[in-house]
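Just so we're aligned: the sequence shown equals residues 0 to 426 in numbering that gives the first Met the number 0.
Don't be surprised by glycine CBs; every beta carbon is placed ideally from N, CA and C.
Since the structure is predicted, the reported quantities are computational estimates derived from the model, not experimental observations.
Scroll down for the structure; my scribbles are underneath it.
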Amino acid sequence: MMRYLSLCAAFFLSLSVMAQESFDSLFERKSLRIDFTLSGNADGQSAAIEQLREEPAWGGPLVNLVDKFHYGGYYVHIYDKASGELIYSKGFNTLFEEWLTTDQARTETQAWTNSISVPFPKREIVFELQARDRKDMQLRPLLRMDIQPNSIYIDRGALKENPVTRLLDNGDSNGKVDLVFLAEGYTADEQDKFVADARRFMEALFRTAPFTEHKADFNVWAVGACSEESGTDISGEGIFKNTALNSGFYTFGIDRYLTTRDMRSIRNAIWNVPADAVFILINSEKYGGGGMYNFYACGTADHPKTPVVFTHELGHSFAGLADEYFSSEVAYNDFYNLSVEPWEPNITTLVDFGSKWKELLPEGTPVPTPTDPAYTDKCGVFEGGGYVAKGIYRPMDHCMMRDYAPFCPACSRAIVRMINYYCDREY
Numbered sequence: 000m001m002r003y004l005s006l007c008a009a010f011f012l013s014l015s016v017m018a019q020e021s022f023d024s025l026f027e028r029k030s031l032r033i034d035f036t037l038s039g040n041a042d043g044q045s046a047a048i049e050q051l052r053e054e055p056a057w058g059g060p061l062v063n064l065v066d067k068f069h070y071g072g073y074y075v076h077i078y079d080k081a082s083g084e085l086i087y088s089k090g091f092n093t094l095f096e097e098w099l100t101t102d103q104a105r106t107e108t109q110a111w112t113n114s115i116s117v118p119f120p121k122r123e124i125v126f127e128l129q130a131r132d133r134k135d136m137q138l139r140p141l142l143r144m145d146i147q148p149n150s151i152y153i154d155r156g157a158l159k160e161n162p163v164t165r166l167l168d169n170g171d172s173n174g175k176v177d178l179v180f181l182a183e184g185y186t187a188d189e190q191d192k193f194v195a196d197a198r199r200f201m202e203a204l205f206r207t208a209p210f211t212e213h214k215a216d217f218n219v220w221a222v223g224a225c226s227e228e229s230g231t232d233i234s235g236e237g238i239f240k241n242t243a244l245n246s247g248f249y250t251f252g253i254d255r256y257l258t259t260r261d262m263r264s265i266r267n268a269i270w271n272v273p274a275d276a277v278f279i280l281i282n283s284e285k286y287g288g289g290g291m292y293n294f295y296a297c298g299t300a301d302h303p304k305t306p307v308v309f310t311h312e313l314g315h316s317f318a319g320l321a322d323e324y325f326s327s328e329v330a331y332n333d334f335y336n337l338s339v340e341p342w343e344p345n346i347t348t349l350v351d352f353g354s355k356w357k358e359l360l361p362e363g364t365p366v367p368t369p370t371d372p373a374y375t376d377k378c379g380v381f382e383g384g385g386y387v388a389k390g391i392y393r394p395m396d397h398c399m400m401r402d403y404a405p406f407c408p409a410c411s412r413a414i415v416r417m418i419n420y421y422c423d424r425e426y
C-alpha cells in the first residue's frame, strides 16, 4: 500500500512539473496588467482598452491556468495567437456590473476604469473579455484584441514603491494564496497603525474556519499607501477626504456600502507585489464594507464588527460567495433572474440545484427546507438569499454570508476549493 501511495505521489508530482514547464513555455513569471473601461447603462455596455503594463510579480497558479469555476459576471480569455489554444482564463466581477442594475443606470450613461492582470505572454496572444448576460447567464464577447508582448505600447516603467511588510511568509507565491492588505485613509504618521491593524485582521481570519486549517497555504502582505488625510468619504454627511484610493461610503446611495471606483490607484499601489486577493483596509470607525469577486474587498479598521465584516467581504472577493441575506436595503433592481441558475456556489433558484450543494444535504432533508428547529442547524435549502426573499435559496439558516455566523458547509467547501486552485492542487 505504501509503495502504491508513493507511486501515486510521484505520478502527480511529475504532472505538476510538466504543467509548470508548460507555463514557462507560454509565459514569463511576471504580469501583463490590462486596464480597460466599461461604459454603458441599463440597456447595455461596451469595453475599450485604456493601457497595458508589464509588472514584475506573478503570484498566480502555474498549473491551474484555465479557470474551471465559471464564476463571475465577466471572464478574461487568453488564446495563443498562432494555435488558437486557450492558455489562460479567469472570471471576476466589477462594481460597474452592479451599477448597471441601479435606478441611476436607467437614466445615465457612465464609464468606469477596471483592471485585470494575467501572466505575461512570451508570444503574441488574443485577449478576449466576455460579459455575462443576465437574461440567460451566458457569457458573450465584449472586447477582443491581439497583443504582442514586445509592443512599444506596453508601459514597462516603474511606479512608486510603497512600504511593504510581510506579515506571513509560507514560501513561493506561485504555490500559495497571496493576500494583500492595502492601506486607505492612513497618513504617513499612521503607517504603524496600519500594519498593526492588518496583523489584527490576519489573526482574526486564521481563527475562522475553514481558513484556520489552511494558514500554511497563505502568504500575507501589508502595503502602506499613504493618504493626505485620515479616513474616507462619507458623502451622505458631506464629508470628503483626500485619500490614496478615493474610497467612500454611500455607494449607490447605501450608507453602509463602502467601495472605490478607482481601480487604477489600487493597481498602481500594489504593482510590485503578488496579489491573489486584495483587502483595502480603511482607517475609519464607521460600519461598512464591500467585496467583488476577484476584484477587491474593503472594510473599516476600527468598528467593533470589523473582523467579521472583513471575513464576510473576503467571502465575496476571494471565493465568489453571494450574500445570503434578503431583507436589507440594496440599490439593485432584479439583480438575479429567477428563471436561471445563478453562478455563485452558495445560492440557488433550484433550476439546477444538482450543480450546487445537493450532495451535502443529510438524507431525508426536504427541498425546500422549512426553518424549524429540526433543520436550522443543518445544511438544507432555505428560502431567501441574494437580496431576494422568494425564489432564491441558501444552504443554512445562518451563515457568515448572512449574519456573520460560522461559514456553512457549502461556503466552506467553496473557500477550500479556491485555496486549492491558487495552490495548484486539484479543485
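(request) Give the range of the beta strand (DSSP E) segment to which E312 is assigned. (result) Taking the first residue of the sequence shown as 1, we reach residue 312 at position 313. Counting along the chain, E312 falls outside any beta strand (DSSP E), though it belongs to the alpha helix (DSSP H) covering 305 to 318.
(request) Give me whichever residues DSSP pairs with L87 in a beta bridge. (result) Within the sequence shown, numbered from 1, the residue matching residue 87 stands at position 88. Note that residue 87 corresponds to Tyr in the displayed sequence, not to Leu. Y87 is bridged to I77.
(message) Quick check on the DSSP output: what are the complete alpha helix (DSSP H) runs of length 4 or more inside the stretch 373 to 418, in order along the chain?
(response) Listed in chain order, they are 399 to 402.
(message) Rounding to the nearest angstrom, what Cα-Cα distance links G390 and Y374 in this structure?
(response) Mapped onto the sequence shown, residue 390 falls at position 391. Mapped onto the sequence shown, residue 374 falls at position 375. Roughly 19 Å separates the two Cα atoms.
(request) Note the first and the last residue of the continuous alpha helix (DSSP H) segment covering Q44. (result) Position 45 of the sequence shown, counted from the first residue, corresponds to residue 44. Note, Q44: premise wrong, no alpha helix (DSSP H); beta strand (DSSP E) at 43 to 54.
(request) Grab me the residues of A9's own chain with a C-beta within less than 7 Å of its C-beta, minus the 5 sequence neighbours each way, in chain order. (result) If you number the sequence shown from 1, residue 9 lands on position 10. Legend: pLDDT at A9 = 49, less than 50; position of this residue unreliable, value from coordinates given subsequently. Taken in chain order, the list of residues that qualify is empty.
(request) Throw me the rounded Cβ distance for the T112 and D34 pair, which I believe falls under 8 Å. (result) The sequence position of residue 112 within the sequence shown is 113, counting from 1. The sequence position of residue 34 within the sequence shown is 35, counting from 1. Rounded, the Cβ-Cβ distance is 6 Å, consistent with contact.
(request) Return the CA-CA distance between N218 and Y421, expressed in angstroms with no decimal places. (result) Stepping through the sequence shown from its first residue, residue 218 is reached at position 219. Stepping through the sequence shown from its first residue, residue 421 is reached at position 422. When rounded, the separation of the alpha-carbon atoms in N218 and Y421 is 12 Å.
(request) Could you tell me whether the stretch 153 to 162 touches the stretch 104 to 111, where touching means 3 or more Cβ pairs closer than 8 Å? (result) Because the criterion of three Cβ pairs below 8 Å is not met, the stretch 153 to 162 and the stretch 104 to 111 do not touch.
(message) Taking the beta carbon of G252 as the centre, do at least 16 other beta carbons fall within 10 Å, making it buried, or is it exposed?
(response) If you number the sequence shown from 1, residue 252 lands on position 253. By the 10 Å Cβ count, G252 comes out exposed.
(message) On the DSSP letters alone, give me the boundaries of the alpha helix (DSSP H) that I265 sits inside.
(response) Position 266 of the sequence shown, counted from the first residue, corresponds to residue 265. Per DSSP, I265 belongs to the alpha helix (DSSP H) from 262 to 268.
(request) Please confirm whether N169 and G58 have their CB atoms less than 8 Å apart. (result) As a working note, residue 169 is residue 170 in the sequence shown. As a working note, residue 58 is residue 59 in the sequence shown. Annotated as distal: N169 and G58, with beta-carbon spacing of 8 Å or more.
(message) Rounding to the nearest angstrom, what Cα-Cα distance links R122 and R424 in this structure?
(response) Counting from one through the sequence shown, the residue named residue 122 turns up at place 123. Counting from one through the sequence shown, the residue named residue 424 turns up at place 425. Looking at the backbone, the Cα of R122 and that of R424 are separated by about 27 Å.
(message) For the stretch 412 to 421 against the stretch 203 to 216, do three or more pairs of beta-carbon atoms, one drawn from each stretch, fall closer than 8 Å, so that the two count as touching?
(response) Two segments are said to touch when three or more pairs of C-beta atoms, one from each, lie closer than 8 Å; by this definition the stretch 412 to 421 touches the stretch 203 to 216.
(message) So Y335 and V380 are supposed to be a Cβ contact under 8 Å. How far apart are they, rounded?
(response) Along the sequence shown, read from residue 1 onward, the residue named residue 335 stands at position 336. Along the sequence shown, read from residue 1 onward, the residue named residue 380 stands at position 381. Contact flag wrong, Cβ pair sits at about 16 Å.
(request) For P273, count neighbouring Cβ atoms within 10 angstroms of its own Cβ and tell me buried if that reaches 16, exposed if not. (result) Counting from 1 along the sequence shown, the entry for residue 273 is found at position 274. Around the C-beta of P273, 16 or more other C-beta atoms lie within 10 Å, and the residue is accordingly described as buried.
(request) Measure the alpha-carbon distance for A413 versus L320 and round it to whole angstroms. (result) For this step, residue 413 is matched to residue 414 along the sequence shown. For this step, residue 320 is matched to residue 321 along the sequence shown. Rounded to whole angstroms, A413 to L320 spans 8 Å at the Cα level.
(message) Between which two residues does the alpha helix (DSSP H) holding M201 run?
(response) Along the sequence shown, one-based indexing puts residue 201 at 202. Annotation for M201: the continuous alpha helix (DSSP H) segment containing it runs 190 to 204.
(message) Tell me the residue span of the beta strand (DSSP E) that contains W220.
(response) Locating residue 220 in the sequence shown gives position 221, where the first residue counts as 1. That run of the beta strand (DSSP E) goes 217 to 222.
(request) Could you spell out where the alpha helix (DSSP H) holding L94 opens and where it closes? (result) Stepping through the sequence shown from its first residue, residue 94 is reached at position 95. Run containing L94: 94 to 98, per the alpha helix (DSSP H) assignment.
(request) Would you decide whether G287 is buried or exposed? Buried here means 16 or more other CB atoms lie within 10 Å of its CB. (result) Stepping through the sequence shown from its first residue, residue 287 is reached at position 288. So G287 ends up on the buried side.
(request) Mark V308 as exposed unless 16 or more other C-beta atoms lie within 10 angstroms of its C-beta, in which case mark it buried. (result) Here residue 308 refers to the residue found at position 309 when the sequence shown is read from its first residue. Residue burial annotation: V308 is buried, with at least 16 other C-beta atoms found within 10 angstroms of its C-beta.
(message) Alpha carbons only, please: which of K240, T347, P118 is nearest the one belonging to L51?
(response) By 1-based counting over the sequence shown, the position of residue 51 is 52. Of the candidates K240, T347, P118, the one whose C-alpha sits nearest the C-alpha of L51 is P118.
(request) Just tell me which of Q129, K192, G383, S411 has its CA closest to the CA of L313. (result) As a first step, residue 313 is located in the sequence shown; it is residue number 314 there, counting from the start. Measuring C-alpha to C-alpha distances from L313 to each of Q129, K192, G383, S411 identifies S411 as the nearest.
(request) Kindly list the residues whose CB is nearer than 8 Å to the CB of T186, restricted to its own chain and excluding five residues on each side of it in sequence; keep chain order. (result) Here the question's residue 186 lines up with position 187 in the sequence shown. Exclusion of the five residues before and after T186 leaves C225, S226, E227, E228, S229 as the residues of its chain whose Cβ lies within less than 8 Å of its Cβ.
(message) Using only the alpha-carbon positions, how far apart do R255 and Y292 sit?
(response) Position 256 of the sequence shown holds residue 255. Position 293 of the sequence shown holds residue 292. Between R255 and Y292, the C-alpha separation is close to 19 Å.
(request) May I ask you to list the residues that DSSP assigns as paired with M144? (result) For this step, residue 144 is matched to residue 145 along the sequence shown. Partner(s): F126.
(request) To the nearest angstrom, report how far apart P405 and A268 are at their CA atoms. (result) Sequence index remark: in the sequence shown, residue 405 carries index 406 (1-based). Sequence index remark: in the sequence shown, residue 268 carries index 269 (1-based). Their backbone Cα atoms lie some 33 Å apart in a straight line.
(request) Taking L99 as the reference, give the member of S38, K67, Q147, F68 with the closest Cα. (result) To locate residue 99, count along the sequence shown from 1; it is residue 100. Per the Cα distances, S38.
(request) Please work out which residues of its chain come closer than 6 Å, Cβ to Cβ, to P148, disregarding the five sequence neighbours upstream and downstream, and give them in chain order. (result) Start at 1 with the first residue of the sequence shown, and residue 148 comes out as number 149. Within the same chain, P148 has close Cβ partners P120.
(request) Please classify E202: is it buried, with 16 or more other beta-carbons within 10 angstroms of its beta-carbon, or exposed? (result) Locating residue 202 in the sequence shown gives position 203, where the first residue counts as 1. Answer is exposed; the Cβ neighbour count stays below 16.
(message) Do Y78 and V125 have their beta-carbon atoms positioned less than 8 Å apart in this structure?
(response) Reading the sequence shown from its first residue, position 126 is the one you call residue 125. Reading the sequence shown from its first residue, position 79 is the one you call residue 78. Y78 sits close to V125, with the two beta carbons spaced by under 8 Å.
(request) Can you give me the start and stop residues for the beta strand (DSSP E) that I281 sits inside? (result) Here residue 281 refers to the residue found at position 282 when the sequence shown is read from its first residue. From DSSP, the beta strand (DSSP E) with I281 extends over 276 to 281.
(message) Mapping the DSSP letters down to three states, classify D170 as helix, strand or coil.
(response) Along the sequence shown, one-based indexing puts residue 170 at 171. In the sequence under discussion, the amino acid at residue 170 is Gly, which differs from the Asp named in the question. It is coil, neither helix nor strand.
(request) Note the first and the last residue of the continuous beta strand (DSSP E) segment covering C297. (result) For the purposes of this step, residue 297 is taken as the residue at position 298 of the sequence shown. Taken as a continuous stretch (DSSP letters only), the beta strand (DSSP E) holding C297 covers 295 to 299.
(request) Identify whether V27 lies in helix, strand or coil by the three-state DSSP scheme. (result) Residue numbering aside, residue 27 sits at position 28 when the sequence shown is read from its first letter. Checking the sequence, you will find Glu at residue 27 rather than Val. Correct three-state label for E27: strand.
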